[in-house]
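J.: Input: one structure, supplied below.
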Amino acid sequence: MQMRDFVVRFAGEGGQGVVTSAEGLAQSSTQVGYHALTFATFPSQILGGPTWTQARISVDPVQAPGDDVDVLVAFNREAYDNHYAEVREDGVVIFNSTEFDLEGDSRAFGLPVEELARSTGNNRAANMVIMGALAHLVNMPHEYLEEFVERRFSRGREGDDEIIRSNLQALRLGREHIALSGFNLGELAPSKMPEYQQLMIKGNEALSLGAIAGGLDFYVGYPISPATPILLYMERNLIGKDRFAYQVSSEIESITAILGAGYAGKRAMTATAGPGVSLMSEGLGLSWVAEIPLVVVDVQRGGPATGLPTKTEQSDLMSCMFPAHGDVRVPVIAVGTVEECFYGAVKAIEWAEKYQGPVILMSEMALAERAQNIPKPDLSKVKPAQRWVYEGNNGYQRYAGYELSPMPLPGGPGAYVANGSEHDDIGDTTHLPERHIQMTQRRFGKIKLLEEEYYEREGAEHSVAILPWGGSKGPAQEAYDILKRQGAPVSWYYTMYLNPLPPKLLEELKQKDLVIVPELNYQGQFSSILRAAGVKAESITQYTGLPFKARTLVERISEMTNFRLTEAVGV
Amino acid sequence: MSKKNPEYDFKWCPGCGDFGVRRALEFAMIDRLEETGLPMENNVVVAGIGCSGNLVHLLEGDQPYGMHGIHGRSLPIALGVKMARPELNVVVVAGDGDFLSIGGEHIGPQAARNLNITAVIMDNGVYGLTKGQSSPTTKLGVITSSTPYGKIESQINPLELYLTLGVSYIASGFSGQPRPLSRLIKQGMEHPGFSIVHVQSPCTTYNDTFEELKGNPRKGIEPTLWEVPDDHDPSSKAAAYDVIQRGGLPVGVVYNDESRPALEQRVEQMWDTARARSAEELMASFEF
Ligand SMILES: Cc1ncc(C[n+]2csc(CCOP(=O)(O)OP(=O)(O)O)c2C)c(N)n1
Ligand code: SF4
Ligand SMILES: [Mg+2]
Numbered sequence: 012m013q014m015r016d017f018v019v020r021f022a023g024e025g026g027q028g029v030v031t032s033a034e035g036l037a038q039s040s041t042q043v044g045y046h047a048l049t050f051a052t053f054p055s056q057i058l059g060g061p062t063w064t065q066a067r068i069s070v071d072p073v074q075a076p077g078d079d080v081d082v083l084v085a086f087n088r089e090a091y092d093n094h095y096a097e098v099r100e101d102g103v104v105i106f107n108s109t110e111f112d113l114e115g116d117s118r119a120f121g122l123p124v125e126e127l128a129r130s131t132g133n134n135r136a137a138n139m140v141i142m143g144a145l146a147h148l149v150n151m152p153h154e155y156l157e158e159f160v161e162r163r164f165s166r167g168r169e170g171d172d173e174i175i176r177s178n179l180q181a182l183r184l185g186r187e188h189i190a191l192s193g194f195n196l197g198e199l200a201p202s203k204m205p206e207y208q209q210l211m212i213k214g215n216e217a218l219s220l221g222a223i224a225g226g227l228d229f230y231v232g233y234p235i236s237p238a239t240p241i242l243l244y245m246e247r248n249l250i251g252k253d254r255f256a257y258q259v260s261s262e263i264e265s266i267t268a269i270l271g272a273g274y275a276g277k278r279a280m281t282a283t284a285g286p287g288v289s290l291m292s293e294g295l296g297l298s299w300v301a302e303i304p305l306v307v308v309d310v311q312r313g314g315p316a317t318g319l320p321t322k323t324e325q326s327d328l329m330s331c332m333f334p335a336h337g338d339v340r341v342p343v344i345a346v347g348t349v350e351e352c353f354y355g356a357v358k359a360i361e362w363a364e365k366y367q368g369p370v371i372l373m374s375e376m377a378l379a380e381r382a383q384n385i386p387k388p389d390l391s392k393v394k395p396a397q398r399w400v401y402e403g404n405n406g407y408q409r410y411a412g413y414e415l416s417p418m419p420l421p422g423g424p425g426a427y428v429a430n431g432s433e434h435d436d437i438g439d440t441t442h443l444p445e446r447h448i449q450m451t452q453r454r455f456g457k458i459k460l461l462e463e464e465y466y467e468r469e470g471a472e473h474s475v476a477i478l479p480w481g482g483s484k485g486p487a488q489e490a491y492d493i494l495k496r497q498g499a500p501v502s503w504y505y506t507m508y509l510n511p512l513p514p515k516l517l518e519e520l521k522q523k524d525l526v527i528v529p530e531l532n533y534q535g536q537f538s539s540i541l542r543a544a545g546v547k548a549e550s551i552t553q554y555t556g557l558p559f560k561a562r563t564l565v566e567r568i569s570e571m572t573n574f575r576l577t578e579a580v581g582v
Numbered sequence: 044m045s046k047k048n049p050e051y052d053f054k055w056c057p058g059c060g061d062f063g064v065r066r067a068l069e070f071a072m073i074d075r076l077e078e079t080g081l082p083m084e085n086n087v088v089v090a091g092i093g094c095s096g097n098l099v100h101l102l103e104g105d106q107p108y109g110m111h112g113i114h115g116r117s118l119p120i121a122l123g124v125k126m127a128r129p130e131l132n133v134v135v136v137a138g139d140g141d142f143l144s145i146g147g148e149h150i151g152p153q154a155a156r157n158l159n160i161t162a163v164i165m166d167n168g169v170y171g172l173t174k175g176q177s178s179p180t181t182k183l184g185v186i187t188s189s190t191p192y193g194k195i196e197s198q199i200n201p202l203e204l205y206l207t208l209g210v211s212y213i214a215s216g217f218s219g220q221p222r223p224l225s226r227l228i229k230q231g232m233e234h235p236g237f238s239i240v241h242v243q244s245p246c247t248t249y250n251d252t253f254e255e256l257k258g259n260p261r262k263g264i265e266p267t268l269w270e271v272p273d274d275h276d277p278s279s280k281a282a283a284y285d286v287i288q289r290g291g292l293p294v295g296v297v298y299n300d301e302s303r304p305a306l307e308q309r310v311e312q313m314w315d316t317a318r319a320r321s322a323e324e325l326m327a328s329f330e331f
């Protein structure tokens, strides 16, 4: 049988080209019609130090990093020692024999990467030596990578020809060399170039682009892993007249500055991680009470406190939905794929204006840094969010009644005080019980405006459902596909709208005997929220700092549903 | 809005210094509007939390825009308003506790940015709204509700702090003189950068310093307030330092440096080197 996908992990020292190799492999594969995504955890030290990145190459679109490592490319001895145990039994280890020697692992083969590169006359062709070897292991047709090399280096510059020649030679050397090993993983099914235009993009980049496409005009932030790339992207690109991007001096400044900007008429956003969300608590409450549109992105990492800054986790849901003291329940969108990073951001900006309040957009480390090919979003279908602006006279009652009302723009008519204390119609402080009742109901009532129709749904006739959230969508989807193939009576539901949930989805979930929620936290945060809403939900939890493996989920779901698997799970 | 709005349920105590500051701010905004021809709605008053911050609800006549946010954060809120809409006149009103204690971390960054707003600080040497606890400007040894055996921290000198942090316009005023105070505030609004007008605004209920400030010849009390003389050169940091060190409480412009561009000007300069790109263009760089 032909292989549908394979996973290559590159491991070594920071600065050895570990990340570029993985991203290069992903990129070259997508350019010949495969699908690819990368997965990385970062070393916690700044320079050097052990690091690894893996690329999963697949004939079909995939959304998870893959359970097993088919090929390990070890740049040094330490990398081999740390990772060989994760290589599947009949996998292959390619080690850099220019760097170290290895004996006693029958899966391992030494490739003198640097020597071979040097012999082409181009030291920088080392990557291509490895690519050539990898292509051979999966019987990928030669032309694929050769075409890639020619396209990539035909830049109309002097010396292109020579670079192309040396890279082609490097590919061949890698291939010929590994052929000596006699190793082979099987045959990767041929690729099929999608009909649609694609982007190769990381989660944080897609999210930034989505926000800009959604109409963002004001961004401030404070550096924090894994959200920093969004700040850097905005500082490079969200500049010019009527647009602003800036690094402020804390997350307290971030939230309060976007409060000011949102009040003054801008579609404003900041991005942070858990520690920043904690600092923004009071400001988010102000945004809710004073009815000021803004978006806060939480790119989750492991918590609490400084926690696991460079690992992935889904443990901020409670903090995001209930970020502040008092009666508050903030709208939350949690993205589950790189493509959703784009559309989730568009939606978050839209929601903030639609109900005039704070929206939290949740992403996570594993998505933020994932590079993946996605269909190019059709910008003609993305409408920038619009502010509902008050156009009457002065003497406006901004907070009258229970319904959303237009917002005056400072400088124009309708001056009022946006007040974080409980207030009356014109925004003056008051503590009358009837006002607190009115304003509380007004604030919660507006959430209805955000109820969406769409959600993913399959096999709805079954009384047991799988409902992942955020980045666990990918592995859960793979687990569901396996279970479905084996005839397990389970249904699939998914939405990125966690608060409010699409009302029809909630209705359906309430009918189920069991809703299984895979999530990367200890407490089972989403399932608690669902149980409070009347859903018989139970979590599958994991708190390792790493994403789920599909296999783990298949096993756990089978146990929970007393389903007997008919075949071993090989993902 | 107090006179018009019976629902509004906060009142300053009789004789509170903040009445005079309100008057001065109204004068300054009106004078400025008469000169510029802009409507009152061009002003945004960002208020801290405290008796002082309530000023935003108590302005008489035409109403400016206002934001009454959270304790200590009026400066970064003002940062957002101003950088979103540089054409607006943004004024912060806050107390000594709000501005110098919980919000103290925001003064330095705005000074470095030279954020073009005006902060009017009502210093009464006490936390008024929470009923009389000690504040950063309460004197050493003073007994307050939170310092039953006397305050054990030194009093800070706000003017010295502002000068050290690089605030580009520093004025010191007194709430008992609304007209002269309004001129200090208006000059601050016209100043192209970060201006602070630090006002002695006594709390008649918890820390009544009127007599101390103005003096009382009958009781032989010398006033602590003194006028900054005409020959003071406010563009000189050294001269400003001398004024601050002289003791007592100066009234007038202490420091005024107009040589530094404001943040919004620096941002505009950046537009020359930076290339703004549309979502379409940005997306194209990820295509393959
Ligand atoms: C985060 C937070 N902490 C504490 C308070 C309680 N609080 C309200 S006003 C205030 C102090 C006000 O003092 P100051 O700024 O000097 O204003 P004044 O009332 O003297 O004008 C405090 C501590 C609060 N509202 N929010
Ligand atoms: S407590 Fe003091 S500061 Fe507050 S209103 Fe009364 S006099 Fe003014
Ligand atoms: Mg005070």
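Sequence order for the protein chains is A and B. Sequential numbering from 12 applies to the first sequence in the numbering used here. Sequential numbering from 44 applies to the second sequence in the numbering used here. Glycine included, each C-beta is placed from N, C-alpha and C at the ideal position.
1) Looking at C-beta atoms only, is the number of pairs between the stretch 203 to 217 of chain A and the stretch 346 to 357 of chain A that lie closer than 8 Å three or more?
2) Ligand 3 heavy atoms versus the CB of B:Asn167: any closer than 7 Å?
3) Reducing DSSP to helix, strand and coil, say where A:Arg176 ends up.
4) Taking the C-alpha atoms as reference points, what is the distance between B:Ser45 and B:Gln312?
5) What would DSSP say about A:Met211, mapped onto helix, strand or coil?
6) Does the beta carbon of B:Asp139 fall short of 7 Å from some heavy atom of ligand 2?
7) In the stretch 163 to 188 of chain A, which residues sit with their C-beta less than 8 Å from some C-beta in chain B, listed in chain order?
8) What is the C-beta distance between B:Leu292 and B:Gln243, in whole angstroms, given that I count them as a contact (C-beta under 8 Å)?
9) Residues in the stretch 417 to 437 of chain A with C-beta within 9 Å of chain B's C-beta atoms, listed in sequence order?
10) Grouping DSSP H, G and I as helix and E and B as strand, with all else coil, what is A:Leu531?
11) Name the DSSP beta bridge partners of A:Ser448, please?
12) Cα separation between A:Leu415 and A:Val300?
13) Does A:Ser537 come out as helix, strand or coil in the three-state DSSP assignment?
14) Could you pull the DSSP bridge partners for A:Ser550 from this structure?
15) Would you say A:Gln258 lies against chain B (beta-carbon separation less than 8 Å)?
16) According to DSSP, is A:His442 helix, strand or coil?
17) Of all Cβ atoms in chain B, is any one closer than 8 Å to the Cβ of A:Lys387?
18) In the stretch 261 to 275 of chain A, which residues sit with their C-beta less than 9 Å from some C-beta in chain B, listed in chain order?
19) For B:Glu301, tell me which candidate among B:Glu233, B:Thr247, B:Gly58 and B:Ser321 has the shortest Cα-Cα distance.
20) Looking at ligand 1, does it come within less than 7 Å of B:Ser95, judged from the CB to the closest heavy atom?
21) If you follow the alpha helix (DSSP H) that A:Tyr230 is part of, which residue opens it and which one closes it?
22) Comparing the CB of B:Leu98 with every heavy atom of ligand 4, is any distance shorter than 7 Å?
23) Closest Cβ-Cβ distance between B:Tyr284 and chain A: below 8 Å?
24) Look at the Cβ atom of B:Leu158, then the Cβ atom of B:Leu131, and state whether they are nearer than 8 Å.
25) Is it buried or exposed for A:Leu83, if we count other Cβ within 10 angstroms and need 16 for buried?
26) If you drop the 5 nearest sequence neighbours on each side, which residues of the same chain put their C-beta closer than 6 Å to that of B:Cys246?
27) Can you list, in chain order, the residues of its chain with a C-beta nearer than 7 Å to that of B:Val271? Leave out the 5 residues immediately preceding and following it.
28) Helix, strand or coil for B:Glu270? Go by DSSP, reduced to three states.
29) Leaving aside the five residues before and after A:His147 along the sequence, list all residues of the same chain whose C-beta is less than 7 Å from its C-beta, in chain order.
30) Can the beta-carbon of A:Val339 be found closer than 8 Å to that of A:Cys331?
31) Could you check the C-alpha separation between A:Ala85 and A:Val30 for me, to the nearest Å?
32) At a Cβ cut of 9 Å, what residues of the stretch 281 to 302 of chain A count as close to chain B, listed as they run along the chain?
33) Just checking: is the beta-carbon of A:Val582 within a distance shorter than 8 Å of some beta-carbon in chain B?
34) So for B:Leu131, helix, strand or coil by DSSP?
35) Assign A:Leu218 to one of two classes, buried (16 or more other C-beta atoms within 10 Å of its C-beta) or exposed (fewer than that).
T.: Reading it off the structure:
1) yes
2) Locating residue 167 of chain B in the second sequence gives position 124, where the first residue counts as 1. Yes, the beta carbon of B:Asn167 sits closer than 7 Å to at least one heavy atom of ligand 3.
3) The sequence position of residue 176 of chain A within the first sequence is 165, counting from 1. Helix at A:Arg176.
4) Walking along the second sequence from the start, residue 45 of chain B turns up at place 2. Walking along the second sequence from the start, residue 312 of chain B turns up at place 269. In this prediction, B:Ser45 scores a pLDDT of 47, lower than 50, which makes its location untrustworthy; the coordinate-derived value is nonetheless stated afterwards. B:Ser45 and B:Gln312 have their C-alpha atoms some 43 Å from each other.
5) The residue you call residue 211 of chain A lines up with position 200 of the first sequence. Strand.
6) On the second sequence, position 96 is the one that residue 139 of chain B refers to. It does not: the Cβ of B:Asp139 is nowhere closer than 7 Å to a heavy atom of ligand 2.
7) Correct list: empty, as no residue qualifies.
8) As a first step, residue 292 of chain B is located in the second sequence; it is residue number 249 there, counting from the start. As a first step, residue 243 of chain B is located in the second sequence; it is residue number 200 there, counting from the start. Correct: roughly 6 Å between the Cβ atoms.
9) Pro419, Leu420, Pro421, Gly422, Gly423, Pro424, Gly425, Ala426, Tyr427, Val428, Ala429, Asn430, Gly431, Ser432, His434, Asp435, Asp436 and Ile437
10) Position 520 of the first sequence, counted from the first residue, corresponds to residue 531 of chain A. In this structure, A:Leu531 counts as coil in the three-state DSSP scheme.
11) Sequence index remark: in the first sequence, residue 448 of chain A carries index 437 (1-based). Going by the sequence as given, residue 448 of chain A is Ile instead of Ser. Per DSSP, none; premise fails for A:Ile448.
12) Here residue 415 of chain A refers to the residue found at position 404 when the first sequence is read from its first residue. Here residue 300 of chain A refers to the residue found at position 289 when the first sequence is read from its first residue. The straight-line gap from Cα to Cα measures roughly 13 Å.
13) Numbered from its first residue, the first sequence carries residue 537 of chain A at position 526. Looking at the sequence shown, residue 537 of chain A is not Ser but Phe. In this structure, A:Phe537 counts as helix in the three-state DSSP scheme.
14) Here residue 550 of chain A refers to the residue found at position 539 of the first sequence. A:Ser550 pairs with A:Val528.
15) To locate residue 258 of chain A, count along the first sequence from 1; it is residue 247. It does not: the Cβ of A:Gln258 has no partner Cβ on chain B nearer than 8 Å.
16) Stepping through the first sequence from its first residue, residue 442 of chain A is reached at position 431. Reduced to three states, the DSSP call for A:His442 is coil.
17) Residue mapping note: residue 387 of chain A aligns to position 376 of the first sequence, counting from 1. It does: the Cβ of A:Lys387 has a partner Cβ on chain B nearer than 8 Å.
18) Ser261, Ile263, Glu264, Ser265, Ile266, Thr267, Ala268, Ile269, Leu270, Gly271, Ala272, Gly273, Tyr274 and Ala275
19) The sequence position of residue 301 of chain B within the second sequence is 258, counting from 1. Selected option, being the one with the closest Cα: B:Glu233.
20) Here residue 95 of chain B corresponds to residue number 52 of the second sequence, with the count starting at 1. Yes; taking the cut-off as 7 Å, the Cβ of B:Ser95 has a heavy atom of ligand 1 nearer than that.
21) As a first step, residue 230 of chain A is located in the first sequence; it is residue number 219 there, counting from the start. According to the DSSP assignment, A:Tyr230 belongs to no alpha helix (DSSP H) but to the beta strand (DSSP E) extending over Phe229 to Gly232.
22) Annotation note on ligand 4: not contained in the displayed structure, which lists ligand 1, ligand 2 and ligand 3 as its ligands.
23) For the purposes of this step, residue 284 of chain B is taken as residue 241 along the second sequence, with counting starting at 1. B:Tyr284 does not count as touching chain A.
24) Taking the first residue of the second sequence as position 1, residue 158 of chain B is located at position 115. Taking the first residue of the second sequence as position 1, residue 131 of chain B is located at position 88. No, the Cβ-Cβ distance between B:Leu158 and B:Leu131 is not below 8 Å.
25) In the first sequence, residue 83 of chain A corresponds to position 72, counting from 1. Buried, since its Cβ has 16 or more Cβ neighbours within 10 Å.
26) Against the second sequence, residue 246 of chain B aligns to sequence position 203. Result list for B:Cys246: Asn167, Val169 and Gly171, in chain order.
27) Start at 1 with the first residue of the second sequence, and residue 271 of chain B comes out as number 228. Around B:Val271: Val286, Pro293, Val294, Gly295, Val296 and Val297.
28) Mapped onto the second sequence, residue 270 of chain B falls at position 227. Three-state DSSP puts B:Glu270 in a strand.
29) Position 136 of the first sequence holds residue 147 of chain A. Result list for A:His147: Arg186, Ile189 and Ala190, in chain order.
30) Working through the first sequence from its first residue, we reach residue 339 of chain A at position 328. Working through the first sequence from its first residue, we reach residue 331 of chain A at position 320. No, the pair does not count as a contact, with Cβ atoms beyond the cut-off.
31) Counted from its first residue, the first sequence places residue 85 of chain A at position 74. Counted from its first residue, the first sequence places residue 30 of chain A at position 19. Distance between the alpha carbons of A:Ala85 and A:Val30 is about 13 Å.
32) Cβ contacts with chain B come from Glu293, Gly294, Gly296, Leu297 and Ala301.
33) Within the first sequence, residue 582 of chain A is the residue found at index 571, counting from 1. A caution first: A:Val582 carries a pLDDT of 49, below 50, which makes its placement in the model unreliable, though a value can still be read off. Cβ-Cβ to chain B under 8 Å: no for A:Val582.
34) For the purposes of this step, residue 131 of chain B is identified with residue 88 of the second sequence, where counting begins at 1. B:Leu131: coil per DSSP, three-state reduction.
35) On the first sequence, residue 218 of chain A is found 207 positions in, with the first residue counted as 1. Its Cβ being crowded by 16 or more others within 10 Å, A:Leu218 is buried.
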